[in-house]
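Heads up: the sequence shown is residues 3 to 106, going by the working numbering. See structure below.
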Amino acid sequence: MSKQVFSINFFREWGDEPGECSYRTFFLERKNRDIMKRQHRQVLFSGIITAIGISLHNFPEGMGVFFGSVKGLQVGLNLALAIALHNIPKGIAIALPVYFATER
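As structure tokens, then:
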């Protein structure tokens, strides 16, 4: 069963005519825009920090596979397989918070 709320406005406010907004509506919309801008900046900052962290983490792995391959093909393949297996839980750890943050 859904609950419906009915309200009656007995006092007119400035901008109650159709097509105009009241002071209250104007400031609420402005406040919501400010909150959304702040959240957008926080998400962008988190994304940049995450990208930098992943890059710093993956660069030595790539160098390790490269130098392992220079040493020998068997060493390079084994190292690449080990790093690929290592990246599976890392990818899950990165993806799960994003999944749960967007699920509503």
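Ideal Cβ placement from N, Cα and C applies to all residues, glycine included.
- A contact between stretches requires three or more CB pairs, one per stretch, nearer than 8 Å, and the region 95-102 fails this requirement with the region 69-84.
- For VAL45, the number of other beta carbons within 10 angstroms of its own is below 16, and it is reported as exposed.
- Per the coordinates, the alpha-carbon of ALA53 lies some 20 Å from the alpha-carbon of ARG40.
- Rounded to the nearest angstrom, the gap between the Cα atoms of HIS88 and GLN76 is 18 Å.
- Note that the C-beta distance between GLY66 and LEU81 is below 7 Å.
- The beta-carbon distance between GLU63 and ILE85, rounded to whole angstroms, is 5 Å. This is short enough to meet the 8 Å contact definition.
- The DSSP-derived three-state label of GLY78 is helix.
- Of the residues PHE68, SER57, THR104, ALA103, the one whose Cα lies closest to the Cα of LYS92 is SER57.
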